[in-house]
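Worksheet: the structure to be examined is printed underneath.
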Amino acid sequence: MTTATTPTGAQDDVREVIIIGSGPAGYTAALYTARAQLKPLLFGSSIFVGGSLTTTTEVENFPGFPQGIDGPDLMENMRAQAVRFGAEMIDDDIVSVDLAGDIKLLTDSAGTVHRAKTVIIATGSGYRKLGLPQEDELSGRGVSWCATCDGFFFRDRDIIVVGGGDTAMEEATFLTRFARSVTVVHRRSTLRASKTMQNRAFAEDKISFAFDSEIAEIKSENGMLSGVVLRDVLTGDTRELDATGLFIAIGHDPRTELFADQLELDDDGYLKTQSPTTRTSLPGVFGAGDVVDHIYRQAITAAGSGCAAALDAERYLAALR
Ligand code: FAD
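Laid out in structure tokens, this is it:
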């Protein structure tokens, strides 16, 4: 770091922009603000540097890589590109924020307070997990949370989709383009999805349903998913189901706990922005990526909104001068 710390633990200087989050949204915001000479400082988490794509293998839908690219390599490239133009990176968490004033205060895990005129929030969202052994280990090896991202890898395979909401029905219906069969596993006897989405799924010959059922165990062979054990929640009976794809569609949790009492969130906890801009409910605070977006949730859309947040911050700062 280049800034000096005062005895009280506060940074002496006031940054033009601080970015929270090291996914495609945060790194793209860092690249743009660095190239605009705003000397951004990015906090990228203490344990999860590079965001969601670091948990996957092949990324085939990020433009510019005709042969595809490894998720961690893509994120390392994005980081290096931002650093090349002068962005500073700290692999630490922001643990509290005070965003109300003209100067925003952000405290890191060591208790140091960082000050900035603008803040870009790009903290992403976490896919809800089943909480079963092997689930993380088999991510990218049969277990997935994103049909748009990974469906293409499952041509002519037997796939399981877990969940009963709109997202699960959308994923299941989309996956019929590739799969030989799709089994939707849902804990209840009825779906939560809208009637339209349900009807679309019911009309698909390739989709069958395992109601009142949950995944009791994930099975693997040679490091790849090979099937699951299903448990009937009413009788407790179990049965094995072979599959090479398991898509978990039981929801997402946007990482907004830090901001909940200061910024407007929607009913699902996502950061609200004044679309089509990235402005939040407080001046000088911008939101980008999956922490805002519960519709598209792609690396390219996150990167695009990171760019938009950088331009919005730049314009806000220009108006202060
Ligand atoms: P994220 O990538 O989630 O990054 C947010 C970062 O902010 C994280 O590192 C987090 O730890 C950090 N952070 C959070 N809070 C704090 C804090 N308080 N202080 C500091 N840091 C903080 N998309 C595609 O387009 N193609 C794919 O093939 C694809 N495959 C995927 C595979 C998997 C397994 C997963 C999980 C997702 C995949 N996605 C894919 C989706 C894509 O990864 C996301 O849409 C994208 O990463 C969202 O970017 P983001 O910058 O908004 O957030």
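Just so you know, the sequence shown maps onto residues 1 to 321 in full-length UniProt numbering. In this text, a Cβ means the ideal position worked out from N, Cα and C, and glycines have one as well. Being a predicted model, the structure only gives us computed values, none of them experimental.
Exercise. Distance, Cα to Cα, residue 312 vs residue 45?
Worked result: 24 Å
Problem set entry | Neighbourhood of residue 279 by C-beta distance below 7 Å, restricted to the same chain and skipping five residues each side | 273, 286 and 312
For this session: Please state if the CB of residue 121 and the CB of residue 282 are separated by a distance shorter than 8 Å.
Result: no
Problem set entry | Under the three-state DSSP convention, the category residue 3 falls into | Low confidence applies to residue 3: its pLDDT is 40, below 50, so where it sits in the model is not reliable enough to give any reading.
For this session: With DSSP as the reference, label residue 15 as helix, strand or coil.
Result: strand
Exercise. From what residue to what residue does the beta strand (DSSP E) around residue 254 run?
Worked result: 252 to 254
Problem set entry | Presumed contact (8 Å Cβ cut-off) between residue 204 and residue 173, rounded CB distance | 6 Å
Problem set entry | Chain-order list of residues whose beta-carbon lies under 6 Å from that of residue 98 (same chain, five-residue window excluded) | 105
For this session: Return yes when at least one heavy atom of the ligand FAD lies under 7 Å from the C-beta of residue 239, else no.
Result: no
Exercise. Exposed or buried, residue 296, counting other C-beta atoms within 10 Å across all chains shown (16 or more means buried)?
Worked result: exposed
Exercise. In three-state terms, what does DSSP make of residue 43?
Worked result: strand
For this session: Starting from the C-beta of residue 73, find all residues in its chain whose C-beta is less than 6 Å away, skip the five residues before and the five after it, and write them out in chain order.
Result: none
Exercise. For the region 107 to 121 against the region 78 to 96, are there 3 or more C-beta pairs whose distance is under 8 Å?
Worked result: yes
For this session: Note down, in chain order, each residue of its chain lying with its Cβ closer than 6 Å to the Cβ of residue 64, except the 5 sequence neighbours on either side.
Result: none
For this session: Output yes or no for whether 8 Å exceeds the beta carbon distance between residue 31 and residue 100.
Result: no
Exercise. According to the Cβ coordinates, are residue 230 and residue 210 closer than 8 Å?
Worked result: yes
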